[in-house]
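Everything below concerns the one structure shown next.
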Amino acid sequence: MSFIPSISLPSNALSFAFKRRFDSNNKLSYWYNFDTNYWSAVYKHTYGKDYKLKAGYDSEVRLGWASLWVGDEDGKAKMAPMKLKVQFMLQVPQDDINSSVLMFRVKKRWDI
Numbered sequence: 001m002s003f004i005p006s007i008s009l010p011s012n013a014l015s016f017a018f019k020r021r022f023d024s025n026n027k028l029s030y031w032y033n034f035d036t037n038y039w040s041a042v043y044k045h046t047y048g049k050d051y052k053l054k055a056g057y058d059s060e061v062r063l064g065w066a067s068l069w070v071g072d073e074d075g076k077a078k079m080a081p082m083k084l085k086v087q088f089m090l091q092v093p094q095d096d097i098n099s100s101v102l103m104f105r106v107k108k109r110w111d112i
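For the sequence shown, counting from 1, position 32 maps to 32 in full-length UniProt numbering; every step adds exactly one.
Structure, rendered in structure tokens:
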């Protein structure tokens, strides 16, 4: 478990982060800003080495989201040029659920 206070200068904005790892596959992160009362929370669950599910909420933009990452996160240096991760993400605005968005993203590592 981690508790991380921080202060932003010159505004002296105080915030803190809280991170809790329940086991090797489950992690919860929470962030709170005392000046604005904005907060965010993220839950991460990994399935084996190839799948990662993340879900969260951000009060500043009033947006809930969930994403699924597919791709090996660990690997040896020889395999680094072969790394590829695919993300499917659903964003649901709290104020207008009908304007939800499904996004698709590919991250590829290129070594030259």
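By construction, the Cβ of each residue, glycine as well, lies at the ideal position given by its N, Cα and C atoms. Note that the structure is a prediction, hence the values are computed from the model and not measured.
One alpha carbon belongs to S2, the other to N33, and they sit about 17 Å apart. S40 is a Cβ neighbour of D58, given a cutoff of 7 Å.
Comparing C-alpha distances from N26 to each of Q94, I97 and A55 shows the shortest one belongs to A55. Beta-bridge partners of I7 (DSSP): L14.
Within the same chain, Cβ atoms closer than 6 Å to the Cβ of S6 are found at S15, the five residues on either side in sequence being excluded.
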